[in-house]
Ligand SMILES: *Cc1c(COP(=O)(O)O)cnc(C)c1O
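Here it is as structure tokens:
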């Protein structure tokens with residue numbers, strides 16, 4: 014199936030007389046004929062739904078769809094993008110471990126890595142995404158277990174050289190985890206470039222309607238955990254909570270995603286409700302048409318903004334003069350999303366005044382929405398970061414993140430123009 018078709022048909026194919034819309038199985042529990050059946054579920058020798066903290070038929074259909082869209086062997090939905098990132102790494106980390114991450118990543122992920130991971134005894138080193146392979150390799154330690162980056166970074170909008178990061182990760186025997194939230198599987202499929210695990214905040218383009226917070230982890234099934242067995246004991250040695258099963262032996266290519274579900278989702282319990290998965294599925298059905306319009310609007314708005322002399326900088330990899338245009342042509346041939354980072358000269362105050370003059374465009378703590386919205390990272394999502402961390406994330410005090418929605422592009426541009434004129438007078 015091509016991706017437009019898979020967005021509609023993967024994961025759920027109704028049989029004769031069955032409903033065409035994905036049924037909402039709003040049930041916490043499942044019925045069994047015998048205790049032996051239930052015992053098999055707890056031993057992981059029988060497949061099936063046991064309890065809706067671990068799996069649910071509605072969520073399962075959406076997981077299968079997302080796995081198909083990214084080209085993975087399995088997926089695990091979570092209640093937020095944050096919990097997806099957290100579980101994707103916790104699944105291979107233990108106290109005392111280390112992660113190498115691109116420095117240009119979502120501010121919430123920086124908090125997770127720098128503050129919360131530290132409390133778990135996990136250190137994260139940040140590398141410039143444009144660093145050479147040798148420079149990235151220098152950040153590795155004997156206890157490094159994963160490499161992390163974002164396809165298009167929120168909000169810096171630099172494009173990750175996925176192949177470069179995958180090469181360095183693999184030469185050190187560790188997987189590359191890519192946050193593909195802005196890319197979506199429609200614009201970029203990181204597994205085709207060597208990534209091993211993909212996470213999304215489905216809250217953004219996948220849901221697309223600003224209605225449901227959610228996340229997903231997708232496993233390529235390609236990383237050879239057994240070849241690096243001593244580095245990943247959680248996957249390659251017995252799990253006492255399941256009578257000593259070894260995930261790589263019992264589940265083969267799906268070891269990683271199975272462990273994430275039956276061990277971490279069981280213990281952490283951040284699994285979405287059936288109704289939430291139903292809404293997410295409805296969003297995914299229209300992803301390709303929405304992304305085409307979003308990218309077209311993003312491109313036109315970026316070109317307009319770049320033409321204004323009163324804007325210091327426009328970061329949008331779809332612009333021919335953008336430093337990431339070459340990487341965008343390679344990794345994002347269909348478009349660069351609707352997200353544009355601009356810098357309003359005059360710093361914090363003028364950026365805020367510009368936002369306050371907008372009439373149609375909303376000021377939201379959101380991005381990749383169906384409606385055009387703006388946000389000032391330095392005073393919102395990234396306000397917890399020090400100035401040094403801000404700069405490392407590619408953020409200046411006057412930076413405004415513009416996220417183009419599906420309105421007529423002339424109306425988006427007219428609103429931006431009148432607000433810019435108002436603060437330029
Ligand atoms: C929003 C976002 C997240 C966090 O997702 P939530 O669903 O808000 O928890 C992670 N990564 C990126 C790139 C994001 O834009």
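In my numbering, the protein residues as written are 14 to 438.
Using N, Cα and C, we set each Cβ at its ideal position, and we do this for glycine too.
Would you say the beta carbon of residue i is closer than 8 angstroms to some non-hydrogen atom of ligand 1?
| i | result |
| --- | --- |
| residue 382 | no |
| residue 190 | no |
| residue 140 | no |
| residue 119 | yes |
| residue 328 | no |
| residue 163 | yes |
| residue 263 | no |
| residue 195 | yes |
| residue 93 | yes |
| residue 167 | yes |
| residue 96 | yes |
| residue 226 | yes |
| residue 217 | yes |
| residue 250 | no |
| residue 145 | no |
| residue 122 | yes |
| residue 214 | yes |
What are the partner residues of residue i, as DSSP defines its beta bridges?
| i | result |
| --- | --- |
| residue 163 | 192 |
| residue 386 | 375, 416 |
| residue 356 | 326, 412 |
| residue 91 | 228 |
| residue 64 | 42 |
| residue 139 | 114 |
| residue 280 | Per DSSP, none; premise fails for residue 280. |
| residue 258 | 252 |
| residue 214 | 228 |
| residue 172 | 165 |
| residue 157 | 111 |
I think residue i touches residue j, with their Cβ atoms under 8 angstroms apart; what is that distance to the nearest whole Å?
| i | j | result |
| --- | --- | --- |
| residue 374 | residue 385 | 5 angstroms |
| residue 144 | residue 160 | So it is not a contact: roughly 12 angstroms between Cβ atoms. |
| residue 296 | residue 220 | 4 angstroms |
| residue 355 | residue 397 | Contact doesn't hold; Cβ gap of about 22 angstroms is too wide. |
| residue 28 | residue 75 | No, residue 28 and residue 75 are not in contact; Cβ-Cβ is about 18 angstroms, not under 8 angstroms. |
| residue 111 | residue 156 | 5 angstroms |
| residue 6 | residue 348 | It is not possible to answer for residue 6, since the shown part of the chain is limited to 14 through 438. |
| residue 98 | residue 125 | 6 angstroms |
| residue 67 | residue 306 | In fact, because the Cβ distance is near 37 angstroms, the residues do not count as touching under 8 angstroms. |
| residue 288 | residue 39 | 6 angstroms |
| residue 292 | residue 269 | In fact, because the Cβ distance is near 27 angstroms, the residues do not count as touching under 8 angstroms. |
| residue 290 | residue 71 | 5 angstroms |
Report yes if the CB atom of residue i is closer than 9 angstroms to the CB atom of residue j, and no otherwise.
| i | j | result |
| --- | --- | --- |
| residue 422 | residue 241 | no |
| residue 109 | residue 350 | no |
| residue 216 | residue 238 | no |
| residue 96 | residue 281 | yes |
| residue 101 | residue 230 | yes |
| residue 436 | residue 366 | yes |
| residue 169 | residue 190 | no |
| residue 322 | residue 361 | no |
| residue 330 | residue 211 | no |
| residue 339 | residue 166 | no |
| residue 147 | residue 140 | no |
| residue 54 | residue 45 | yes |
| residue 89 | residue 278 | yes |
| residue 150 | residue 82 | no |
| residue 413 | residue 357 | yes |
| residue 94 | residue 194 | yes |
| residue 16 | residue 301 | yes |
| residue 69 | residue 284 | yes |
| residue 402 | residue 115 | no |
| residue 227 | residue 92 | yes |
| residue 87 | residue 252 | no |
| residue 319 | residue 371 | no |
| residue 136 | residue 164 | no |
| residue 352 | residue 380 | yes |
| residue 294 | residue 35 | yes |
| residue 224 | residue 255 | no |
Q) Looking at C-beta atoms only, is the number of pairs between the segment 326-346 and the segment 165-179 that lie closer than 8 angstroms three or more? A) yes
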